[in-house]
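Below is one structure, written out as structure tokens; the observations come after it.
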Amino acid sequence: ATRLLYRYSRPYPRPYNIVTARSCPFNCTFCQHSGGAPYRARSIENVIEEIKLAYEKYNFNILIILDELFVANKKRMKDFCNALIEAKRVYGWDFDWMFQTHPNAGLDKESLALAKKAGCYFFAYGMESGSQRILDSMNKKSTVGQAIEAIKLAEEAEVGFGGNFIFGDPAETEETISETLAIYFEHCRTSSVFLGFIKPYPGSRVFDVCMEKGIFKDKRDFYEHIDESIVNMTSLPDIEFQRWVALLTAIEVTWAHIKATSGIYEEDTEAPEVAYLAHNGSKIYKITAVCPYCGQNILYRLPLPHKVDAANSWIGSSCTKCNRRIKVLI
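Position one of the sequence shown corresponds to residue 1 (UniProt numbering), numbered consecutively onward.
If you want it as structure tokens, here you go:
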């Protein structure tokens, strides 16, 4: 649950997860809201009280806000950040935090500057596609321009930005895939934006589309292997769709387009996690590198297999200072 993307800001991460709101007021075709409806958010006072209790008990240094939609508008962001800044001053808290929200939250330069002051190091938008035609088909109620603007604002505020482009909407075509890839390569090279594919989860509109088209020959078999296959809901022939899947997967798993830097790794024999990891064939390693963008000296710690193939190994992360996405060769 605490993959490197969520914990790169601290070499000795002690993350704590919190949920401050349930569900989402939007109705995207690929989404199934496990939190039910309607959208409801806890009061800022109540959230700060949980943070206080958790910090006193666990002394965490990274707060991961797991809400589908952390802030529905700028006012809630402002209220939370001001309350957190004051609480940190009063109680001496020391932690970073991250969140995700919808482009229509309307965050601006002032909002992100305040979040940065409050300790925010990363946030994510539901980007989904670089094609307006697909966003409309998904009922996203957002624009491609909003995502591009968020990336620019994040860079100005020196806050990390992330999101996903998910392919395979029923309206997807070769043209719309190419539109998304053009946005990805032009605007997302330094952001933690990843490529994936839509999963037609039961309860979502795209699941209903699959049922209507007769895509699932055996619904029970699909349930049992729901995360193991990529479903072609598009009008593309299967062979063409699979070619795009292969290309997109190659882009995602190689990070060939991400700026790289060389890292030096050594075993951390005094790591508190050593005994826990020994049984599964891993060790904790310290990895030092220099950010190829801002020159920051970076220290990462993470479990790696006992035998590391240094000629072919790398880790994907972000700079702890400028938050740009980097590939560390080890």
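Here a beta-carbon is modelled for each residue, glycine too, at the ideal position from N, C-alpha and C. These numbers come from a predicted model, not from an experiment.
Extent of the continuous alpha helix (DSSP H) to which F241 belongs: Unbroken alpha helix (DSSP H) run through F241: 238-254.
Under 7 angstroms between C-beta atoms of P292 and T261: yes
E266 and K283 closer than 7 angstroms at C-beta: no
Cβ-Cβ distance between W255 and G316 below 7 angstroms: Yes, they are a contact pair.
Identity of the residue in L329, K57, I264, L181 nearest S129 by Cα: L181
Proximity to N61 [Cα-Cα], best of I326, M77, P11: The shortest Cα separation from N61 among I326, M77, P11 belongs to P11.
Sufficient close CB pairs (3 or more, under 8 angstroms) joining the stretch 173-187 to the stretch 63-70: Here the stretch 173-187 does not lie against the stretch 63-70, with fewer than 3 beta-carbon pairs under 8 angstroms apart.
Nearest residue (CA-CA) to F123, options D96, I298, K140, Q132: F123 has its Cα closest to that of D96, out of D96, I298, K140, Q132.
R301 versus V209 - alpha carbon distance: 44 angstroms
L84 - containing alpha helix (DSSP H), residue span: Element bounds for L84: 74-91.
Reduced DSSP category for T180 - H, G, I as helix; E, B as strand; rest coil: helix
CA-to-CA distance, T143 to residue 331, given in whole angstroms: Absent from the model: residue 331. The displayed extent of the chain is 1 to 330, so no value can be given.
Contacting residues, own chain, Cβ-Cβ under 7 angstroms from S318 (five flanking each side not counted): Once the five neighbours on either side are set aside, the close Cβ partners of S318 are Y8, G160, S192, R324, R325, I326.
DSSP three-state assignment for A113, whether helix, strand or coil: helix
For S262, the residue or residues it bridges with in DSSP: L329
Same chain, Cβ closer than 8 angstroms to I198, five either side skipped, listed in chain order: So the list reads F30, I166, F167, G168, D169, V206, V231, M233, once near-sequence residues are dropped.
C-alpha distance - A1 paired with R14, whole-angstrom precision: Any reading at A1 must be qualified, since the residue scores a pLDDT of 34, below 50, and its modelled position is unreliable; the value itself is stated next. Their Cα atoms are separated by approximately 12 angstroms.
Closest residue to W314 among V19, N104, I258, D79 (Cα-Cα distance): I258
Buried versus exposed call for G92 [16 or more other C-beta atoms within 10 Å across all chains shown]: exposed
Euclidean distance between Cα positions of G163 and M127: Across the structure, G163 and M127 are spaced so that their CA atoms are roughly 6 angstroms apart.
Residue from I148, Y6, E56, L69 with nearest C-alpha to residue 333: This structure does not reach residue 333, given that the chain is present from 1 up to 330, and the question cannot be answered.
Limits of the alpha helix (DSSP H) - the one that V206 falls within: 205-213 is the extent of the alpha helix (DSSP H) around V206.
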